[in-house]
Every structure is written in structure tokens, then in C-alpha cells.
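K.L.:
Per my numbering, the sequence shown starts with residue 471, numbered consecutively. Every residue, glycine too, gets a C-beta built ideally from N, C-alpha and C. First the structure, then my questions, so here it is.
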Amino acid sequence: AQGQGRRATLDHDATLQESHKREAQPHYAGGRGYQPAAIYWVEQDLVVADEYRDGNVPAGMDNLPLIQRGFARVPATVTEYYFRADSACYDERVLKWLANPKRPEGPAGPIGFTISADMTEPLHARCVAVPEAEWTLVEERADETVAGAEVEFTPGDWPKDAQPLRYLALRIRKRQGRLFAAGYDTKYLAVVTN
471 AQGQGRRATL DHDATLQESH KREAQPHYAG GRGYQPAAIY WVEQDLVVAD EYRDGNVPAG
531 MDNLPLIQRG FARVPATVTE YYFRADSACY DERVLKWLAN PKRPEGPAGP IGFTISADMT
591 EPLHARCVAV PEAEWTLVEE RADETVAGAE VEFTPGDWPK DAQPLRYLAL RIRKRQGRLF
651 AAGYDTKYLA VVTN
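Structure follows, in C-alpha cells:
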């Protein structure tokens, strides 16, 4: 396939491994075990970096060195770089590194990325403030309606001279009289991308 050796889409994920070893630490799901993280090169079906972590180490803790190791192991023949992850990588240091075309300890040039955003109070407030006319219907489900919109938001102390990030939000609304388990009728989700 054309471009097969030129593109690297790296995917970050962590998973729980239950263990009954005495040394195994408690994890967020209530058991004991380990929580390894890996960087997977999608096009090559290859793990390029991993880190074995105790179960009590949060998935979002200090992922930038692992991400940098993953990109460092991609051969020089690659000219297109992409990265995707869940909210464990929604970290200002990771976002700044990915968005910086002159990033230290990584390939120069653009890295296209998509990361699930933590729905912080400021981001939630921005989603709520989006005018109704800017929401686009994505899907009508049996008991809820899903709409999408672009949201203007800048995380933390984003550099003024840096290209702004793009936040894409979903608004999921229960039909009248129905609520989510948490007691509200509207839920927001977002991803951040460049």
C-alpha cells in the first residue's frame, strides 16, 4: 500500500492486570495488580514502547517520557506522524510537546493528534455556553439526542504565540423526563486535536 512505511500513528493506552502477588498494589477498580502502559504503532501492528507500572500508579501520570520513547523508536523513513490517546494523556505538557513542531526529544514537524479531554469545570462551562444554533445533530437515539460543536477553549497557560488547539464537543441529552444515573439530563464529552 502506498505510504505504508511513511506513516506512523502511535496509540497510547494503559490496562489493568489483576495479580494475587503480595507485592501487587491496589488499583482504581478495587482489586490488586499492575497497570502497564504501551505505545502501539498502528500501521505496523507493533508495540514501540512500554512501561510496566504498579496498580496504584494512575494511568495519567507522567506519560510524556513514554510518548517520547515511542516516537524515538520510529525509523527515519517515516514522514507523517499521528498520535491518539484517551484522557490519560490529557496533560498540558503532552499537548504542548505534540503541538510544538520544534519539540525537544522528538521528530520535527507536525504530529496530528486526537486526545480525549478531561471535562474540567472550565471546559464544561464553555460547552454549556455554546449557542444552540452552533450544535449540529449527530445522532437521534432511542432515549437521547447527540449533537456536536466546536468549542473555543485554551487549557491552562497555553502559549499566546502557539497555534490554538481545536476542541470538538458532544452534547448528549436524555429525552424529556429521563436522567443519567448522576441525576442530570445533559452530558458533555470532548476531544482535543490540532
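Take S586 as the anchor and find which of A494, L635, S557 has the nearest alpha-carbon.
P.N.:
S557
K.L.:
In the structure shown, what three-state DSSP assignment does L659 receive?
P.N.:
Secondary structure of L659 (DSSP, three-state): strand.
K.L.:
Measuring only the C-alpha atoms, how far is D640 from D588?
P.N.:
Sequence check: residue 640 is Leu here, not Asp. Their backbone Cα atoms lie some 13 Å apart in a straight line.
K.L.:
Provide the residue span of the beta strand (DSSP E) that contains K644, from first to last.
P.N.:
636 to 644
K.L.:
Classify H490 as helix, strand or coil using the three-state DSSP reduction.
P.N.:
Correct three-state label for H490: coil.
K.L.:
Under a three-way DSSP split, which group does R622 fall into?
P.N.:
According to the sequence as given, residue 622 is Glu; it is not Arg. Reduced to three states, the DSSP call for E622 is coil.
K.L.:
Using only the alpha-carbon positions, how far apart do D481 and A508 sit?
P.N.:
8 Å
K.L.:
Return the first residue and the last residue of the beta strand (DSSP E) that A519 is part of.
P.N.:
516 to 521
K.L.:
Among the residues of its own chain, which have a CB less than 7 Å from the CB of A595, if the five just before and after it don't count?
P.N.:
none
K.L.:
Compute the Euclidean distance between the alpha carbons of V548 and E513, then round it to the nearest angstrom.
P.N.:
11 Å
K.L.:
Does Q472 come out as helix, strand or coil in the three-state DSSP assignment?
P.N.:
Confidence at Q472 is low in this model, with a pLDDT of 47, below 50, so its placement is unreliable and the value that follows should be read with caution. Correct three-state label for Q472: coil.
K.L.:
Which residue comes first and which comes last in the alpha helix (DSSP H) that contains R502?
P.N.:
Run containing R502: none in the alpha helix (DSSP H); it sits in the beta strand (DSSP E), 502 to 504.
K.L.:
I need the boundaries of the beta strand (DSSP E) containing R554, first residue and last residue.
P.N.:
R554 -> beta strand (DSSP E) spans 550 to 555.
K.L.:
With a threshold of 16 other CB atoms inside 10 Å of the CB of P574, please say whether the residue is buried or exposed.
P.N.:
exposed
K.L.:
Looking at the unbroken alpha helix (DSSP H) that takes in A612, where does it start and where does it end?
P.N.:
Per DSSP, A612 belongs to no alpha helix (DSSP H) and is neither H nor E.
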